[in-house]
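Q: Residue numbers (the numbering used here), protein chains in the order written: chain A, 2 to 335; chain B, 2 to 335. C-beta atoms are modelled at their ideal positions from N, C-alpha and C, and glycine is treated no differently.
Protein chains: 2
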Amino acid sequence: MKKATIIDVANACGVSMKTVSRVINNSPNVSEATKKKVFAAMKEQGYQVNILAKGLKGNRTNIIVVFADRHHEEHLSIWHNIMLKHLFSYAKDRNMKIVLSPSNSEKFEEDETDGFYLMASGIADGAILLENILNDPRVDYFEKHNIPYVVFGEPENPDVPSVSLDNFDVGYNGGRYLIGRGYSKIALLIGEQKFLSTQLRMEGFEKAMYGTGAQYHIFTGIDTVEKAYHKSKEVLEEYDIQAFFVSGDERALGVYRGIYEKGMRIPEDVAVLGIDNITLGEFYYPPISTVAQDFKQLAKCCIDFVVGEIEEGKKEDARKIFKFPTEIIERKST
Amino acid sequence: MKKATIIDVANACGVSMKTVSRVINNSPNVSEATKKKVFAAMKEQGYQVNILAKGLKGNRTNIIVVFADRHHEEHLSIWHNIMLKHLFSYAKDRNMKIVLSPSNSEKFEEDETDGFYLMASGIADGAILLENILNDPRVDYFEKHNIPYVVFGEPENPDVPSVSLDNFDVGYNGGRYLIGRGYSKIALLIGEQKFLSTQLRMEGFEKAMYGTGAQYHIFTGIDTVEKAYHKSKEVLEEYDIQAFFVSGDERALGVYRGIYEKGMRIPEDVAVLGIDNITLGEFYYPPISTVAQDFKQLAKCCIDFVVGEIEEGKKEDARKIFKFPTEIIERKST
DNA sequence: TTGTAAGCGTTATCAT
DNA sequence: ATGATAACGCTTACAA
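1. For residue 175/B, which of helix, strand or coil comes out of DSSP?
2. Compare the Cα-Cα distances from residue 310/B to each of 230/B, 35/B and 147/B and report the closest residue.
3. Return the CA-CA distance between residue 214/B and residue 184/B, expressed in angstroms with no decimal places.
4. Would residue 51/A be called buried (16 or more neighbouring beta carbons within 10 Å of its own) or exposed?
5. Can you tell me which of the three DSSP states residue 216/A falls into?
6. CB-CB under 6 angstroms to residue 8/A, same chain, minus the five flanking residues each way: which ones, in chain order?
7. Report yes or no: is there a C-beta of chain A within less than 7 angstroms of the C-beta of residue 196/B?
8. Using 8 angstroms as the cut-off, can you tell me whether the segment 253–263 of chain B makes contact with the segment 231–238 of chain B, which would need three or more C-beta pairs spanning the two stretches below that distance?
9. By Cβ distance, which residues of its chain are closer than 7 angstroms to residue 43/A, with the 5 residues on each side in sequence left out?
10. Using C-beta distances below 8 angstroms, list every residue in its chain close to residue 210/B, excluding the 5 sequence neighbours before and after it, in chain order.
11. So, with DSSP's three-state summary, where would you put residue 22/B?
12. When you compare each of 55/B, 327/B, 290/B and 163/B to residue 302/B by their alpha carbons, which one comes out closest?
13. Once you ignore the five residues that flank residue 366/B on each side, which residues in its own chain have a CB closer than 7 angstroms to its CB?
14. Please check the pair residue 101/B and residue 100/A, which I expect to be a contact at CB under 8 angstroms, by giving their CB distance rounded to whole angstroms.
15. Could you tell me the boundaries of the alpha helix (DSSP H) in which residue 94/B lies?
16. Tell me where the alpha helix (DSSP H) around residue 150/B begins and ends.
17. Is the shortest distance between the beta-carbon of residue 52/A and the beta-carbons of chain B less than 7 angstroms?
18. Between the Cα of residue 221/A and the Cα atoms of 316/A, 94/A and 248/A, which residue gives the shortest distance?
19. Any C-beta of chain A within less than 8 angstroms: which residues of the segment 77–97 of chain B qualify?
20. Counting only C-beta atoms, is residue 255/A closer than 7 angstroms to chain B at any point?
21. From residue 82/A to residue 250/A, what does the alpha carbon distance come to, in whole angstroms?
22. Return the first residue and the last residue of the alpha helix (DSSP H) that residue 271/B is part of.
23. Select from 283/B, 140/B, 41/B and 160/B the residue whose C-alpha is nearest the C-alpha of residue 317/B.
24. Which same chain residues, not among the five before or five after residue 326/A, have their C-beta less than 7 angstroms away from its C-beta?
25. Per DSSP, which residues does residue 70/A bridge with? Please list them.
26. Anything in chain B within Cβ reach of residue 285/A, meaning under 8 angstroms, just list it in chain order.
27. For residue 94/A, which residues of its own chain have a beta-carbon under 6 angstroms away from its beta-carbon, when the five flanking residues on both sides are left out?
28. Excluding five sequence neighbours on each side, which residues of the same chain lie with their C-beta closer than 8 angstroms to the C-beta of residue 288/A?
29. Pop quiz: residue 137/B and residue 105/B are said to be a contact at Cβ under 8 angstroms. What is the actual Cβ separation, rounded to whole angstroms?
30. Can you tell me whether residue 36/B is helix, strand or coil according to DSSP?
31. For residue 189/B, which residues in chain A fall below 9 angstroms Cβ to Cβ?
32. Exposed or buried, residue 1/A, counting other C-beta atoms within 10 Å across all chains shown (16 or more means buried)?
33. Going by beta carbon distance, what residues of the same chain come within less than 6 angstroms of residue 178/A, once the five residues before and after it are set aside?
34. Could you tell me the alpha carbon to alpha carbon distance between residue 142/A and residue 196/A, rounded to whole angstroms?
35. Any beta carbon from chain A within less than 7 angstroms of residue 48/B's own beta carbon?
36. So, with DSSP's three-state summary, where would you put residue 187/B?
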């Protein structure tokens, strides 16, 4: 069955294609009568606007692409699930379509298989980059071609529009909280040090430790559940630790296993504090205390920024760095 | 900066646009010399094919859309993460782009925000529906418009191309395994009964129990971690249970919590067997035994089927129901 | 209020 | 082996 075009609809109700076009885009100058006729014919024929044709003319497609990096191949985490949920749902409120596409920052230009191709063709009006890559060449592309975008993550470059947690605050908040709860021998398990977010979290944490007399150890490069598991066992063997502060609730589950395998209890023998507040964390045993982020607000901010630029164009003077505070959610692991 | 078109490239090297088009699509009749020239000009100008224009001409875009249903709003689970990872990665091998889009089977036609719009515009060559919905109207759309697609999930209708686990086998395998391990008081926690996959798993499970003298209880409607948690506590209060068989490793984590909160141990007091083999399951405490599916093969099958139809058209006589066996992975929870 | 014609970037059909 | 020209479905001048 062939799809109905604007011309089919026009013929069906004896008007020109332009009139149909006007109705679709609800231009002001159409009589109510013809409008009715046209709508009827559209429904009758199951007509749907062809975004391809619309986009080819350089018009808005109302599509925003979310790029999830495929650096580690294992690209989607529980964190992504929650973020995407809010992204999808808020985009709908803003009358935008969202698609998720994998993309590799390293060779997006040659690779026809890379989701970035969608941008080059004008299929999408804007983009959200999940995960900030150092000196991401895609950012240059966006800038060069004046495409609205925002990166989610700690901005390395203040000229890049970004939405992120206040990562210093994450480390500081968590550290203060643990000190406040009376823990004074703490291990921080955190991701790769090359990321600014990692560095800031570390700095915040150290600031919180400063002057408290607490003993602390920082272990970087812990970016998978598996590494978190192994490292936690190692740490428990070598150090006398009262609490783990783990960057990422998901990874914290590995730490739970490590602790239990050492025959210790949570929180009686060792406490665990996570980061993120993923839904699943409430069902760990015991439910994990965590440095929570407001996913909904974060997602809203990303979409609002990009849609704003799509609708009103880029403005030189506009604010483009957004940092959000975090909040401690105390459950049973501390 | 304006994007380079085929005409820009053509002018740059003094050939016609058609010749450039030939080079892009590597048609046979082009001399090596011009081919070289054209490639050079393309690189020089940073030329990338415009999928929009290509698609408008009715040609292949090499895009496959994966639809994740937004029935429960919380659409993406850990299961999806793993499946998507393999879908993305195998699609790349097949030289296809994949995008994920949310879509609601109920009102995909009116809702401009629904990812289904991508299909209607011919942006994508084919589709994969994750999660099988009863009498999904989108399936009718695909059939009517002759669009290649496959649904992942137990086929309710044998005319619908589908890829799924052998769900009877899932229940049977798991049940047999538990019996074999000596458990004779078993609770099965499983999703909504309206789904055929649920029914088949139940049937398989009951078949495995049949004649063994085992006592078993089946609880349906357990489709979230939270429900699994509450139900497990309830069950432990009311019944004398030796093992839980939980549909979904992710939900099984809730059962772990329920068991521990009752002061029991896994597997000494109660065993737990999951389904899926999600990566995280290895880091539960104790690591969960599970009825495993071969995600990679499943993903491959989906892509191969859809790409096959895209390339060779639909064939009436072709096989279109694919069922895959499962395998027990024994870890420490049983 | 409505219609006509040109063009967006590509590929297909003819020619040469 | 290469090139001119017409589509594809839509929007946007510009007319009427």
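A: If we stick to the structure as given:
1. Here the question's residue 175/B lines up with position 174 in the second sequence. Here residue 175/B sits in helix by DSSP.
2. Working through the second sequence from its first residue, we reach residue 310/B at position 309. The candidate whose alpha carbon is nearest that of residue 310/B is 147/B.
3. As a working mapping, residue 214/B is identified with position 213 in the second sequence. As a working mapping, residue 184/B is identified with position 183 in the second sequence. One C-alpha to the other measures close to 11 angstroms.
4. Locating residue 51/A in the first sequence gives position 50, where the first residue counts as 1. Buried.
5. Here the question's residue 216/A lines up with position 215 in the first sequence. In this structure, residue 216/A counts as strand in the three-state DSSP scheme.
6. One-based indexing of the first sequence puts residue 8/A at position 7. These residues qualify, in order along the chain: 18.
7. Within the second sequence, numbered from 1, the residue matching residue 196/B stands at position 195. With 7 angstroms as the cut-off, residue 196/B does not count as an interface residue toward chain A.
8. Yes, the segment 253–263 of chain B touches the segment 231–238 of chain B.
9. One-based indexing of the first sequence puts residue 43/A at position 42. Excluding sequence neighbours, residue 43/A sits near 10.
10. For the purposes of this step, residue 210/B is taken as the residue at position 209 of the second sequence. Leaving aside the five residues that flank residue 210/B on each side, the residues in its chain whose CB is nearer than 8 angstroms to its CB run, in chain order, 176, 180, 187 and 217.
11. Indexing the second sequence from 1 puts residue 22/B at position 21. Under the three-state reduction of DSSP, residue 22/B is assigned to helix.
12. Residue 302/B sits at position 301 when you count from the first residue of the second sequence. Comparing Cα-Cα distances from residue 302/B to each of 55/B, 327/B, 290/B and 163/B, the minimum goes to 163/B.
13. Not covered by the structure: residue 366/B. The range shown for chain B is 2 to 335.
14. Position 100 of the second sequence, counting from 1, holds the residue named residue 101/B. Position 99 of the first sequence, counting from 1, holds the residue named residue 100/A. Residue 101/B to residue 100/A, Cβ: 7 angstroms. Contact.
15. Taking the first residue of the second sequence as 1, we reach residue 94/B at position 93. In the DSSP assignment, residue 94/B falls within the alpha helix (DSSP H) that extends over 79–94.
16. Residue mapping note: residue 150/B aligns to position 149 of the second sequence, counting from 1. It is not in any alpha helix (DSSP H) - residue 150/B instead sits in the beta strand (DSSP E) that spans 150–153.
17. By one-based count along the first sequence, residue 52/A stands at place 51. For residue 52/A, the answer is yes, since a Cβ of chain B falls inside 7 angstroms of its Cβ.
18. Position 220 of the first sequence holds residue 221/A. From the listed residues 316/A, 94/A and 248/A, the smallest Cα separation to residue 221/A is found for 248/A.
19. The residues in question are 77, 78, 79, 81, 82, 85, 86, 89, 90, 92, 93, 96 and 97.
20. Mapped onto the first sequence, residue 255/A falls at position 254. By this cut-off, residue 255/A is an interface position.
21. Working through the first sequence from its first residue, we reach residue 82/A at position 81. Working through the first sequence from its first residue, we reach residue 250/A at position 249. Here the alpha carbon of residue 82/A sits roughly 13 angstroms from the alpha carbon of residue 250/A.
22. In the second sequence, residue 271/B corresponds to position 270, counting from 1. Careful: residue 271/B lies outside any alpha helix (DSSP H) and carries neither H nor E.
23. Within the second sequence, the letter at position 316 stands for residue 317/B. The shortest C-alpha separation from residue 317/B is found at 160/B.
24. Against the first sequence, residue 326/A aligns to sequence position 325. Within the same chain, and ignoring the five residues on either side of residue 326/A in sequence, the residues whose Cβ sits closer than 7 angstroms to its Cβ are 167 and 170.
25. In the first sequence, counting from the first residue as 1, residue 70/A sits at position 69. 104/A, per the DSSP bridge assignment.
26. On the first sequence, residue 285/A is found 284 positions in, with the first residue counted as 1. 254 and 258, listed in chain order.
27. Numbered from 1 along the first sequence, position 93 holds the residue referred to as residue 94/A. Cβ neighbours of residue 94/A within its own chain (closer than 6 angstroms, five residues either side excluded): none.
28. Here residue 288/A refers to the residue found at position 287 of the first sequence. Here residue 288/A has 282, 332, 333 and 334 as same chain residues with Cβ atoms under 8 angstroms from its own Cβ, once five neighbours each way along the sequence are excluded.
29. Start at 1 with the first residue of the second sequence, and residue 137/B comes out as number 136. Start at 1 with the first residue of the second sequence, and residue 105/B comes out as number 104. Wrong, their Cβ atoms sit about 11 angstroms apart, outside the cutoff.
30. Taking the first residue of the second sequence as 1, we reach residue 36/B at position 35. In this structure, residue 36/B counts as helix in the three-state DSSP scheme.
31. Locating residue 189/B in the second sequence gives position 188, counting from the first residue. Using a Cβ-Cβ cut-off of 9 angstroms, residue 189/B is close to nothing in chain A; its nearest Cβ partner there is about 19 angstroms away.
32. The displayed coordinates of chain A run from 2 to 335. Any statement about residue 1/A would go beyond what the structure contains.
33. Counted from its first residue, the first sequence places residue 178/A at position 177. Apart from sequence neighbours up to five positions away, the residues of its chain that approach residue 178/A with a beta-carbon distance below 6 angstroms are 329, ordered along the chain.
34. Working through the first sequence from its first residue, we reach residue 142/A at position 141. Working through the first sequence from its first residue, we reach residue 196/A at position 195. For residue 142/A and residue 196/A, the distance between alpha carbons rounds to 22 angstroms.
35. Locating residue 48/B in the second sequence gives position 47, where the first residue counts as 1. No, no contact with chain A.
36. For this step, residue 187/B is matched to residue 186 along the second sequence. Strand, per DSSP.
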